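Participant: Each step along the sequence shown adds one to the number in this note's numbering, with nothing skipped, and position 40 is 55.
Glycine residues also receive a C-beta, built at the ideal position from the N, C-alpha and C atoms.
Because the structure is a prediction, the values reported are computed rather than measured.
Take a look at this one; I'll ask things after.
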Amino acid sequence: LDIRPQPPEKEDKLSVWPYWATKMRTSSSQAEGAEREFQVATLEFIGEEGQLTGVKCCEVDEKRKPIAGTEFVIRADLAFIAIGFAGPAMAGVAAELEGEMKITTDSRRSRNVEANDRDYRTSVDRLYAAGDVRRGQSLVVWAIREGRQAARSIDEALMGTTVLPR
Ligand SMILES: Cc1cc2nc3c(=O)[nH]c(=O)nc-3n(C[C@H](O)[C@H](O)[C@H](O)COP(=O)(O)OP(=O)(O)OC[C@H]3O[C@@H](n4cnc5c(N)ncnc54)[C@H](O)[C@@H]3O)c2cc1C
């Protein structure tokens, strides 16, 4: 399902400039037989006795607003939500800290944990954040770099100085 309209087979750069010109792309897995629907939004999961039975969908207009009377249900017993990075999962440790010790998140829509890239300290004493949870969706090289730098910062805080490996 794609909430956007079906893109043209050939990109039309002039008509959409300065925006990115999209064109219809078909991956090998889609070519194997996936059916695609465009200008369709998911509305809700429906189920019986706590078990998923379907996903309620509808058609949308150019402004992605649902068109009344176009609702339909796709039968499903399992749903994987694959919508890209939607922010750190705040349930669990982070949520507990957020409530009790006021862990600060940034103003981005994904609400990443706020920490600078010098010492990686968060607003909670002795809590450090590095990688995707701090900078948002990114690359593994950044996660490695930040993890190393955060480890150094933690080491300095604990030992007062960094002990470099030989
Ligand atoms: C589908 C996909 C494809 C990608 N492809 C690429 C690519 O080709 N190249 C590239 O450079 N990057 C790619 N990335 C991005 C890259 O994977 C991330 O930037 C990187 O993994 C971030 O590392 P991280 O250590 O910050 O977070 P993560 O790798 O997400 O590690 C966080 C860990 O914390 C654990 N965790 C969460 N909550 C708790 C808790 N309460 N208690 C204990 N553990 C917890 C999680 O289980 C997880 O193991 C891709 C990401 C995705 C999702």
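#1: Less than 8 Å between the CB atoms is what I'm expecting for CYS73 and GLU86, so what's the real figure, rounded?
#2: Between the segment 121 to 133 and the segment 143 to 158, are three or more C-beta pairs nearer than 8 Å?
#3: Under the criterion of a Cβ to heavy atom distance below 7 Å, does GLY146 qualify as lining ligand 1?
#4: Buried or exposed, going by whether 16 or more other CB atoms sit within 10 Å of the CB of ALA165?
#5: Would you mind giving the Cβ-Cβ distance between LYS71 and GLU59, rounded to the nearest angstrom? I have them listed as a contact below 8 Å.
#6: Just list the residues that DSSP pairs GLY62 with in beta bridges.
#7: Under a three-way DSSP split, which group does ASP27 fall into?
#8: Could you check the C-alpha separation between VAL75 and GLU161 for me, to the nearest Å?
#9: Quick check on SER153: buried or exposed, where buried means 16 or more other Cβ atoms within 10 Å of its Cβ?
#10: I believe ARG123 touches GLY151 by the beta-carbon criterion, under 8 Å. Please report the beta-carbon distance rounded to the nearest angstrom.
#11: Distance, Cα to Cα, PHE95 vs GLY65?
Facilitator: Taking the structure as given:
#1: 5 Å
#2: yes
#3: yes
#4: buried
#5: Contact holds; Cβ gap of about 5 Å.
#6: LEU67
#7: If DSSP states are grouped into helix, strand and coil, ASP27 belongs with coil.
#8: Straight across, the Cα-Cα distance linking VAL75 with GLU161 is about 41 Å.
#9: exposed
#10: 6 Å
#11: 16 Å
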